[in-house]
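A quick write-up on the structure given underneath.
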Amino acid sequence: MGGDSGWRLILNYFLVVIVAVVWVVPFAWMVLSSLKPGDMIIDPRLILWFRPTLEHYRTVFLSHDFPRYLVNSLAVSGGTTLLTVFAGTLAAYSLSRFRTGGRLYANWVLFTRLVPPAVLVIPFYLMFRAMGLINTVWALILADCTISLSFVIWTMRGFFDEIPTELEEAAMIDGCTKLQSLWRVTLPLVRPGLVATVIFTLLFTWNEFLYGQTLGIAPSAKTLPVAAGDYVTGYANNWGPVFATGTVIMLPVLVVVFFLQKQIVRGLTLGAIK
Amino acid sequence: MQQRGLTGGASSRPLPMAWQRTSPVLRLATLLIALAGLGLFFLPIDEGPRFLVAGSLLFTVAYMLALTILGDRGIKYMLIVPSTLLLGGITVAPLIYLIVLSFHKVTMMNFRSKWPFAGLANYMSLLQDPLVKGAFIRTFEYTAINLILQMVLGFLLALLMQRTFKGRSLVSTILLIPVMACPIVVALLWSYLFGQHGGLFNLLLGKLGVAPIPWLSNTPLPFVNRLGSAGPWLAQTLNLNWGFVALIITNTWQWTPFVYLLFLAGLSALPQEPYEAAQIDGASSWQVLRYITLPLLRPVIGVVFVIRLVDLLKVYDQIYALFGESVVMRTLNIHIVVKGLGNQDYGVGAALSMVVLLLTAVAVFFYLGQGARKEAN
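Quick note, the sequences are listed as chains E and L, same order.
Per this note's numbering, residue 746 is the first one in the first sequence, and the count goes up by one each step.
Per this note's numbering, residue 348 is the first one in the second sequence, and the count goes up by one each step.
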């Protein structure tokens, strides 16, 4: 676009550096602070050089119920993903190939995606309390399905739409049933999309806060984001454990971003561009 | 390789025959799930989780058997059965419950006894609640300002990143992190950055010789003082304070990269011909942007707008992490949780939830309108 003169190039790089700094520094500051001794975190001077310590990680891992929260978090995101990817992929296939339920069903799914979670908090709380599910991971798994099931159906439908039907038809001529052709022909073809969907579902539920905070605050169901949020209320300057927990929560996110960048970008932009 | 897949044959046949033709692995799995489901009923654990899990396991077995028997008959409806049950249970049932609650006087006190019918009283009480009015204005402002900022900044970022330069892939990786990051962690982090004790911003401002800014308070913005007697009223009604600025910075920081990502994908999907033609005609970069890029990108702009609008209407965690349930920073979502679960006034909380739902429904309507326009084009 246009001839890039020297000045333009410099301006371009200048802006890019600003962008990189703006989006790197906060996270870097969090990781850095999680390694600082407690009193240095709230020191009113700019400290960049210090002897790193793992004391906050030790505090978090040993003295709190951290392992339990970690297991809860894993159970909730694993359970929700298993449930919604199973139910959602089958439905997405049906919607993509047979337009089952027509516009009505598709709009229902879409509408579910748009409902703010806070709207459902009161009925969920009362229903799950009546069912004896409050403060269990099961309540969180069910509640988180509202966020991810519609996402799975919508995204997977987009991926199925991209696969030509001829391949399935050929498989069916060879004597496969519809389900067999889905299992053996179509699913392997949408595998990249399926992987992206699974990762998104895992991360969305891993990051979820509102349902965790309202439906499962007892240690038996507390998830990591809720545990990190616990430090909010006290105006005590207890940032060390917050950042240690925050860094642990961010670890899978970083792994995914660095190793599965392509799939994520594709998954994120699929719905918007088509 | 196994010869038989999930179902036996194309046409329906009695269960024992169809069963014989399924793969041994599948048969074993079904048997194990069935045994686990049955066994769970007799475990000495709490009733709720026990019935839920055992029920789901047995449902899975029944569903697999049904698929085996039916084969291809009604397969399109069979495939949506699990998701319909799940969606019904977690959206339709709670919404019906919500509507019922919103028309009754239900609090913690009388939840287990009779609920007097309240008509529109719960909705009327919202009109008299000054906190609702404040939260309404705040939600609207928060959504509108964030939306505009993120759309503009995200678009500029996409234009910048569209060029090829050294280190581009590193910067695009960096920009992907906030999109996937946990909102509550982001907000806690910014709460620290804004803070009075070791907060990075005030440290940097101090280095520049600027007095520290009370980011996490409702101190009015500096220009409010110059507005005369209307100043305090404006500051209070329109949230012209540092805390609100901090909220907006936090959300815009996290989600501008998402908007940029969508715009970048949109830009790279545009046809090349108009640009080549423009280059031959000697159009300036501004003209290319104004008369080619923006018009071509319009459908994408609409979709991005609605996606962000809907997500902004959902925000709860970031505001909670920065200000908790503070009265001066409450949005509608936070007020729902405080009213409904904090004060245990289920009826009024449900009425407020219905109002927020209606607001969202307007957005849905908008979205479907966009979709229809896209199809028409």
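Cβ coordinates follow ideal geometry from the N, Cα and C atoms, glycine included.
Note that the C-beta distance between E/Leu947 and E/Thr834 is not below 8 Å. Exposed is the label assigned to L/Phe512, since fewer than 16 other Cβ atoms lie within 10 Å of its Cβ. In terms of Cα proximity to L/Ile639, the closest of L/Glu623, L/Phe652, L/Ile654 is L/Glu623.
Annotation: the region 428 to 497 of chain L contains the following complete segments of the alpha helix (DSSP H) (minimum length 4 residues), in chain order: 440 to 449, 468 to 475. Looking at the DSSP output, L/Asn588 sits in a beta bridge with L/Pro567. A direct Cα-to-Cα measurement between E/Ala820 and E/Phe945 gives close to 16 Å. Taking 8 Å as the upper bound for CB-CB distance, L/Met527 and E/Val1002 are in contact here, some 6 Å apart.
Look at E/His801 here: in three-state DSSP terms it is helix.
L/Ile422 and E/Lys923 do touch by the CB rule: their CB atoms are close to 5 Å apart, below 8 Å.
Measuring C-alpha to C-alpha distances from E/Met995 to each of L/Val533, L/Gly556, L/Gln634 identifies L/Val533 as the nearest. Taking the Cα positions, E/Glu800 is about 9 Å away from E/Pro986.
Across the set E/Lys967, E/Ile1009, E/Thr942, the C-alpha of E/Thr942 shows the shortest separation from the C-alpha of E/Val830.
Rounded to whole angstroms, the gap between the alpha carbons of L/Leu417 and E/Val860 is 35 Å.
The criterion of a C-beta distance shorter than 8 Å is not satisfied by E/Trp984 and E/Ile792. At the C-beta level, L/Leu404 and L/Leu426 stay beyond 8 Å of one another. In the DSSP assignment, L/Lys554 falls within the alpha helix (DSSP H) that extends over 547 to 554. Taking 8 Å as the CB threshold, E/Thr931 stays off the interface with chain L. Rounded to whole angstroms, L/Gln475 and L/Leu500 show a C-alpha spacing of 38 Å. The three-state secondary structure of L/Arg510, taken from DSSP, is coil.
Across the region 857 to 874 of chain E, CB contacts with chain L closer than 7 Å involve Thr857, Leu859, Val860, Pro861, Pro862, Ala863, Val864, Leu865, Val866, Ile867, Pro868, Phe869, Tyr870, Leu871, Met872, in sequence order along the chain. Distance from the CA atom of E/Arg790 to the CA atom of L/Asn565, rounded to whole angstroms, is 25 Å.
Under the Cβ distance rule, E/Lys967 does not count among the residues neighbouring chain L, no pair being separated by less than 8 Å.
The Cβ of L/Lys461 sits no closer than 8 Å to any Cβ of chain E. Between L/Ala505 and L/Phe610, the CB-CB gap stays under 8 Å.
Under the Cβ criterion (8 Å, minimum of three pairs), the region 369 to 389 of chain L does not count as touching the region 643 to 650 of chain L. With the criterion set as a beta carbon lying under 9 Å from some beta carbon of chain L, the members of the region 810 to 832 of chain E are Leu828, Thr829, Phe831, Ala832, in sequence order. Taking CB atoms only, L/Ile595 has no neighbour in chain E less than 8 Å away.
Within chain L, no C-beta atom comes less than 8 Å from the C-beta of E/Lys1007; the nearest is roughly 11 Å away. In this structure the region 437 to 448 of chain L lies against the region 697 to 707 of chain L, because at least three pairs of beta carbons, one per stretch, are closer than 8 Å. Using a C-beta cut-off of 8 Å, the region 589 to 605 of chain L makes contact with the region 558 to 576 of chain L, since at least three inter-stretch Cβ pairs fall below that distance. Put simply, of L/Ile654, L/Gln543, L/Gly546, L/Thr438 the residue whose alpha carbon is nearest the alpha carbon of L/Tyr607 is L/Ile654. Counted as a single uninterrupted DSSP element, the alpha helix (DSSP H) harbouring E/Ser779 occupies residues 751 to 779.
Taking the CA atoms as reference points, L/Gln497 sits about 12 Å from L/Asp658.
In the structure shown, E/Leu878 falls within a coil segment according to DSSP collapsed to helix, strand and coil. L/Gln601 is positioned such that its CB atom lies closer than 8 Å to that of L/Pro525. Judged by DSSP in its simplified three-state form, E/Val943 adopts helix.
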